[in-house]
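Residue numbers for the sequence shown, in mature numbering (1 follows the signal peptide of the UniProt record, and there is no 0): -19 to -1, 1 to 246. First up is the structure itself, then whatever we jot down about it.
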Amino acid sequence: MRRLVAAVSLLLCASPAFAAIKTQPVEWTLGEDRFRGVLVYDDVNAIKRPGLVMVPNWMGVTDHAIRLAGEIAGDDYVVLVADVYGRDVRPKDKTEAKAAVGKVYGDGGVTLRKRVAEAVANLKAQAKSAPLDPQRIGALGFCFGGSAVLELARTGADLAGAVSFHGGLKAYLPGNGVKIDTPVLVLNGAADKSVPQADIVAFEQEMNEAGADWQFVNYSGAVHCFSQIEDAANPPGDNCRYDERTAKRSFAAMRAFFGERFGQR
């Protein structure tokens, strides 16, 4: 019996520490506006890892967005759930979300681009207190957030990569010859009524003219919001609906993309 107890004790001592996803608020200012995002990472060790700015869908920084960031972060990334509306702007429904999106796009996307870029700068600043390698930074976003990270890439930002999940493709500001240095992965629902074929053609032309390293994946049968499990209960005819098969495929594509970009296995 003593030998059994001793053996079990040794096994317990030798077992790895359990992962613990840590979330902490991060605040910053841009001009007179104040923002409040959430930093998410596994604090099981202090190994430096890449960072991702995650721009949520149009509902902004929500509990669901934070949980999703934790799933993406695992022990691979430090994720900043970015606030691009303002610290006190938290939409309660689709009407308020639409108004918030309209406000940041009110000048054609200039404000949105500045706010996403500032979120990137503030993620890098967290290297002082989080296990983050500030030299390896990427971005991803969902729906409105997908459009937002594409706008960031259009500024000429130098990131490891940007991934858009079912985001809009339209460019609202002229390119003016800006080279897109950030590799781009667009994950699109082939049946998404909000992304017509004309937008896809224009996007591909824009990326080629800007010298971008880009990939475009069209998922058959998928509509808008295909990765958002909170939209699983929407009726079959709704253009915003979760699709489990496509969600799994798209998250796998995202992980493979960033794994390549960050040199991970």
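We put the beta carbon where it would ideally sit given N, CA and C, even for glycine.
Using the Cα positions of Gly83 and Lys160, report the straight-line distance between them to the nearest angstrom.
-> If you number the sequence shown from 1, residue 83 lands on position 102. If you number the sequence shown from 1, residue 160 lands on position 179. When rounded, the distance between both Cα atoms is 27 Å.
How about Leu131: is its C-beta nearer than 8 Å to some C-beta of chain E?
-> The chain inventory of the structure shown lacks chain E, comprising one protein chain alone.
Counterpart residues of Thr43 in DSSP-defined beta bridges | Within the sequence shown, numbered from 1, the residue matching residue 43 stands at position 62. Answer is none; Thr43 lacks a bridge partner.
CB contact flag (Ala228, Ser208, <8 Å) | Position 247 of the sequence shown holds residue 228. Position 227 of the sequence shown holds residue 208. Yes, Cβ-Cβ distance for Ala228 and Ser208 is below 8 Å.
Own chain partners of Ser175 with C-beta closer than 6 Å, once the 5 adjacent residues on each side are dropped = Here residue 175 refers to the residue found at position 194 when the sequence shown is read from its first residue. Taken in chain order, the residues that qualify are His205.
C-alpha gap between Gly18 and Phe197, whole angstroms = For the purposes of this step, residue 18 is taken as the residue at position 37 of the sequence shown. For the purposes of this step, residue 197 is taken as the residue at position 216 of the sequence shown. Taking the straight line from one Cα to the other gives about 29 Å.
Given a cut-off of 8 Å, decide if His45 and Glu225 are closer than it, judged by their beta-carbon atoms.
-> Counted from its first residue, the sequence shown places residue 225 at position 244. Counted from its first residue, the sequence shown places residue 45 at position 64. The answer is no: Cβ separation not under 8 Å.
Sort Ala179, Pro177 and Met188 by Cα distance to Gly156 and report the nearest one.
-> In the sequence shown, residue 156 corresponds to position 175, counting from 1. Taking the Cα of Gly156 as reference, the smallest distance to any Cα among Ala179, Pro177 and Met188 is reached at Met188.
Span of the alpha helix (DSSP H) around Ala233 = Counting from one through the sequence shown, the residue named residue 233 turns up at place 252. Note, Ala233: alpha helix (DSSP H), Glu225 to Arg242.
Taking C-alpha atoms, which residue in Thr76, Ala134, Ala171 and Val7 lies nearest to Ala63?
-> Taking the sequence shown and counting its residues from 1, one reaches residue 63 at position 82. Comparing Cα positions, the closest option is Val7.
Report back the beta-carbon spacing between residue 253 and Ser145 to the nearest angstrom; my notes put them in contact at under 8 Å.
-> Outside the modelled stretch of the chain, which goes from -19 to 246, sits residue 253, for which no answer is possible.
When DSSP builds the beta bridges, which residues end up paired with Glu8?
-> Position 27 of the sequence shown, counted from the first residue, corresponds to residue 8. BP columns for Glu8 point to Arg17.
Below 8 Å, can you find three or more Cβ-Cβ pairs linking the segment 132 to 140 to the segment 68 to 76?
-> no
Could you pull out every residue in the same chain whose Cβ sits closer than 8 Å to the Cβ of Val85, ignoring the five residues on either side in sequence?
-> Taking the sequence shown and counting its residues from 1, one reaches residue 85 at position 104. The residues are Val65, Tyr66, Thr92, Leu93 and Arg96.
Does DSSP put Lys3 in a helix, a strand or coil?
-> Locating residue 3 in the sequence shown gives position 22, counting from the first residue. Strand, per DSSP.
Status (buried if at least 16 other CB within 10 Å, exposed otherwise) for Asp219 | Translated into the one-based positions of the sequence shown, residue 219 becomes position 238. It is exposed - the Cβ of Asp219 has fewer than 16 other Cβ atoms within 10 Å.
Indicate the three-state DSSP secondary structure (helix, strand or coil) for Arg71 in the structure shown.
-> On the sequence shown, position 90 is the one that residue 71 refers to. In the structure shown, Arg71 adopts coil according to DSSP, grouped into three states.
Contiguous beta strand (DSSP E) assignments of at least 3 residues, all confined to the segment 105 to 157 | 113 to 123 and 143 to 146
Along the chain, where does the alpha helix (DSSP H) that runs through Arg186 open and close?
-> Start at 1 with the first residue of the sequence shown, and residue 186 comes out as number 205. Per the sequence shown, the amino acid found at residue 186 is Gln instead of Arg. Counting along the chain, Gln186 sits inside the alpha helix (DSSP H) bounded by residues Gln178 to Glu190.
Phe197: first and last residue of the uninterrupted beta strand (DSSP E) it sits in | Reading the sequence shown from its first residue, position 216 is the one you call residue 197. Segment Trp195 to Tyr200, the beta strand (DSSP E) holding Phe197.
Would you mind reading off the limits of the beta strand (DSSP E) that contains residue 262?
-> Within the shown structure, residues of the chain are numbered from -19 to 246, placing residue 262 beyond reach of any answer.
When DSSP builds the beta bridges, which residues end up paired with Tyr22?
-> Within the sequence shown, numbered from 1, the residue matching residue 22 stands at position 41. Bridge partners of Tyr22: Lys3.
With 16 as the cutoff for other CB atoms within 10 Å, does Ala233 come out buried or exposed?
-> Reading the sequence shown from its first residue, position 252 is the one you call residue 233. Result: exposed.
Rounded distance between the beta-carbons of Ala143 and Gly119, thought under 8 Å = Counted from its first residue, the sequence shown places residue 119 at position 138. Counted from its first residue, the sequence shown places residue 143 at position 162. Contact holds; Cβ gap of about 7 Å.
What does a CB cutoff of less than 6 Å around Arg15 pick up in its chain, not counting 5 residues either side in sequence?
-> On the sequence shown, residue 15 is found 34 positions in, with the first residue counted as 1. Excluding positions up to five away in sequence, the list reads Arg68.
Residue closest to Ala26, alpha-carbon to alpha-carbon, out of Tyr58, Ala129, Val165 and Thr10 | Sequence index remark: in the sequence shown, residue 26 carries index 45 (1-based). Reading the sequence as shown, one finds Asn at residue 26 and not Ala. The candidate whose alpha carbon is nearest that of Asn26 is Tyr58.
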